[in-house]
Amino acid sequence: MIITVNLITSKNLVRFFFFTSLLMGSFNFMGQSLSFGYVQGYFGVTAQDAAWLLRGFQSGTIITSIAGIVFIKWVGNRNLFLGSAFLLLIATVFSFTSDAFNLLLVSRIAAGIANGFIIAVSTQMYLSTYEGKARMFGTLNTVAANISGMCLGILSNSLFTEDYGWQFNYYLAVPVLVFIIVFSFYFVPDAQRNEEVEEDWISLIPFSILIISVFFLVMFRQQYQGISNLKILISAILAVVAVAILVIRGFTHSKPLFDTRLLQYPGFILAIIISYLSGAAFVFNISLLTKLLGGILQMPMRDVFHFINFLFLVVFLLLVITIILIAKKFNPYWLMISGLLAVAYTAFKLSRLNPQFSFDNVIAPSLIGMAGAGIIATAVIMIAVKSVPQHQVGKVANFRSVAFTMGIALTATDLGRLLDFERVRNFNLMIRYTDPGNPLIQERLNGLVAFYQANGYDANEAYDAAINGITGMVKLQSFFLGVSEILLIGCIISIVLALLLFVLWVARNFKMKLKLAKLSIWLLVCACFDTTNIKAQKTFTLAECINYAFEHNPLLNAAAKDTSVAAIGVQRVTGLYLPRVNFVSAFQYYISKRNLLVEGGSALAPSTLPEGDPLAIKTGFTNSWFPALNVNQLIFDPAYRNSYNIALQNHQLQAQYLASFKIDLITGIYKAFNTCRLLEVQAHFLEENITRIDTLIGLARTKYEKGAGVKIEVNRVEVTGNRMKSELINVRNNYSEALLALQFQMNYLERDSMILESDFTIAQVVGKTDSLMQQLLQSNPSMRIESQLLQTQIILADESVKLEQARAKPIFGADAVLGFTPAANTLGKIFQGERWKPYSYIGVNLGIPIFNGLDVKRAVEQKKIQASQSRNYLDQFTNEFENERRTTYIKIKNAYERYRYADANLKLANSNIELLHEAFINGVADNQDLILGENDLYENQARYYNDLLELMLSGIEGLRVTGSFNTQAGW
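In terms of the numbering used here, the sequence shown opens at residue 1 and continues consecutively.
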């Protein structure tokens, strides 16, 4: 498209204006959209919902940045630009003032649409200021504006969002938008001339469907952990259909929006692939470098941010240098190859995961990699342009823009899954080699067992700790290995792309046949579109579940802030005896001056004034000023000690409320976590039984098919097997419900599935019963946080009585003043030195209450009644504790007795099964006996695990009753 701007002023000012607009649009693409992670906690929404702020804004920007090319013809430059700018400003204001997530989401989508239109108009207007071959450098400048704006957006997020909130980048965009709107009346032309605007507006529909379906495809793939869901299939079909329509229209339309005939040029295809990968690498490298520095090297996050920000400056500098080199006729192919090799070197160097932060290990590779990224981002557009005929150069920008921004947008939302997939895959591979029969593992295991035994562990505890240590080591190594493998893959891809570019350069310069190059490129395209089924997982121990709940429960965080408020209250009370210093100033202008009234015969009256006659003498001034410095010091306040004690007890009370909330949370997590672990044991038991019953079913069917049995025996065995399988399904469903209860207690809203780990055994549950029952018998209410909380309330009430009584006692203090009273009839004379005569005094003040309308007496009576109420509440809790202690003791005792019988019956049933199988083999028992034995085992296992679950839950309740969770709650 060629658009000629009616220059009102110099081209440089016009270019500066539209370059600023492009910079702002690209800044919004990353700066505003990346703050979605902080919105999750602000509005209390899930991470999946918050991610739509990113997807909605970026998809709207991508679509309208292309659609704007068509809308310019329909609406006009200034109308489209001004309308979009006003819409973006309104949507931005709604964004940082919205109090509901849905309103914020709608405003972000609207802002994304407007942002894309601004980018489209700014790009076309900026390019229209270049003519002929100079237009190529205009294109490079637009690329530099895009990348620089994105760097500034990420930079702003890392520097300001955490300290100033997620709205900061919205505030930052407002003054720039106002500047753009004001000057757009001056710089943006009303009409266009020499129009060659895109006419293929119908392609906007499949293009929009393609972008939205791709975002939905990524979202559903994350949500359903794979590609087998119907929603994923529908999204994929829509994407394929949209691509097919765009390809067909690109070949058939005379002026297509996306000229797919460009795909016949291998250099163009390779440039588009590199554009997508460079956008993906832009996000991937920053995220992975942050994980390496903060995770492996344990650098503080503030230092990590400073280092990343420095790398952004390097990228911007290399953009400028690359543009200068291209202007000096440097070959873009060799620039691109150099950039790819620099990225490959960085990926290889960082994949070695050296645990020391040094110039050779981290700084030099990072600088080289970022330099390569800056070169790639600029050189890729030149390669794409040089790969197509001159008359089709204008069609390149659409492809490159979409490929680059899609690489950024998709990687920003799907990066975590790739890392989790590599970690889980490596863990599953490595855990196979931790068999205790392996002599190397056995040697390592024996060494760890000896180490733990030397530190006071018994044999069983030392063995369990050694196993957990080896497992943890494997998990850590699997993650690091996954990071290393991903970096190596990036290194290989960069080298392959560099080799393909070299082949294309040779073919371009020496007229070689391109069959081999085309084949290599299409193979690379197929590899890039390969889909991997990723299932992210997170492992939690019981302690990690509790810590996660403490960190992510908003009510707990609110209660913790109450404790901080109370602590500041103590500091405020301690500051009552600090002196108060104030400066006061009053300036007065008198409309009528003051008069001094004297009477004849008085000392001040003139002798000529008759006795008894009044005389008004003007003594005031028109202007008066009274500046003064006051100092007040409290010497004695009888209420101070009581106020201080109340503040201390209130601080302790808030800490006790926080501990009480934590104890309730810990109790719920204990119950849900251990229920899940017990159900896992039961499921394993049932799976073993089902395997055995399936064998029995196979034998019964074989006997029936050979005529040695009857059909009813087969049916009865299958009924028994179905009962076992139904019970297994119920156990798994109960596990899911218990896991949901655990996630609710933890406030776990992430998409990653949870894997629970602990040293849970049935013997531990049963073995703690006797000691717990003894603790219940010896427990007393003072061990409970509720009792301590009520005792604190009693102390508060008693201090409140004393505080009210102190109101009837005298207060003693001191004050001092230094002031001036300059005055003059003319304002200019008020600053004359003779008029500034200071006055000062120092004194003491004493306040003695004499009568206050019986208010103190009645307030004291009120507080005494409230103190009596608190004591009544404590007595009531003592009675409730005694009943609760006895009830819990009886529940544990009864559950333990039932469990003992259920355990004995289950062992007998298991023994009977073994004996019956032996008898069946020897021909003493038949299928009927085996069926009865399996049914008996089924009933006893159900009773056994139900009684064990009741015993475990009663035991956890007993721990709460005895105050055993106080320490974990920090009390």
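Glycine is no exception: its CB is placed at the ideal position from the N, C-alpha and C atoms.
- Runs of the beta strand (DSSP E) spanning 3 or more residues and lying entirely within the stretch 821-866 occur at 838-847, in chain order.
- DSSP, read as helix, strand or coil, puts S753 in strand.
- For the pair F185 and I119, the Cα-to-Cα distance works out to about 17 Å.
- Within the model, the alpha-carbon separation for V343 versus A683 is close to 50 Å.
- The beta carbons of S779 and V961 sit about 7 Å from each other, so the pair counts as a contact at 8 Å.
- Take I492, set aside five residues on each side of it, and no residue of its chain has a beta-carbon closer than 6 Å to its own.
- For N645, the enclosing alpha helix (DSSP H) covers residues 640-705.
- In the structure shown, V710 falls within a coil segment according to DSSP collapsed to helix, strand and coil.
- Looking at the DSSP output, G819 bridges to A628, Y839.
- Burial is judged here by how many other beta carbons sit within 10 angstroms of a residue's own beta carbon; E611 has fewer than 16 and is exposed.
- Judged by DSSP secondary structure, Y589 falls within the beta strand (DSSP E) whose first and last residues are 587-589.
- For Q633, the three-state secondary structure derived from DSSP is strand.
- Between the alpha carbons of M125 and T322 lies a distance of about 23 Å.
- Just measuring C-alpha positions, the residue of L776, V765, Y873, W74 sitting nearest Y899 is V765.
- Residue S758 holds the alpha-carbon nearest to the alpha-carbon of I467 among I66, L177, S758, F540.
- Going by DSSP, P175 is part of the alpha helix (DSSP H) stretching over 168-187.
- For I617, the pairing in a beta bridge is given by DSSP as L596.
- In the displayed model, N582 falls within a strand according to three-state DSSP.
- In this structure, the alpha-carbon of F877 lies about 9 Å from that of L790.
- Per the C-alpha coordinates, the member of L740, D694, I712 positioned closest to G721 is D694.
- For A647 and Y640, the gap between their C-alpha atoms comes out near 11 Å.
- Taking a C-beta distance under 7 Å as the contact criterion, S213 and L238 qualify as a contact pair.
- The continuous stretches of alpha helix (DSSP H) do not include P606, and DSSP gives it neither H nor E.
- Using a Cβ distance threshold of 7 Å, I383 and A271 count as a contacting pair.
- By the CB criterion at 7 Å, A498 and L756 fall outside the cutoff.
- Here V731 is buried: its Cβ has 16 or more other Cβ atoms, across all protein chains shown, within 10 Å.
- Looking only at E957, N825, V178, the smallest Cα-Cα distance to Y589 is reached by N825.
- Counting of Cβ neighbours within 10 angstroms places Y276 among the buried residues, the total reaching 16 or more.
- Non-local beta-carbon contacts of A797 in its own chain, meaning distances under 6 Å to residues more than five positions away in sequence, involve Q866, A867, S870 in chain order.
- Below 8 Å, too few C-beta pairs join the stretch 806-814 and the stretch 666-674 to call them touching: fewer than three.
- Annotation for F81: the continuous alpha helix (DSSP H) segment containing it runs 77-97.
- Of the residues assessed, R784 falls on the buried side of the cut-off, its CB having 16 or more other CB atoms within 10 angstroms.
- Under DSSP, the beta-bridge partners assigned to I811 are G847.
- Contact annotation: S84 and A114 have beta-carbon atoms nearer than 7 Å.
- As DSSP reads the structure, K907 sits in no beta bridge.
- Annotation for D458: no alpha helix (DSSP H) segment contains it, and DSSP assigns it neither H nor E.
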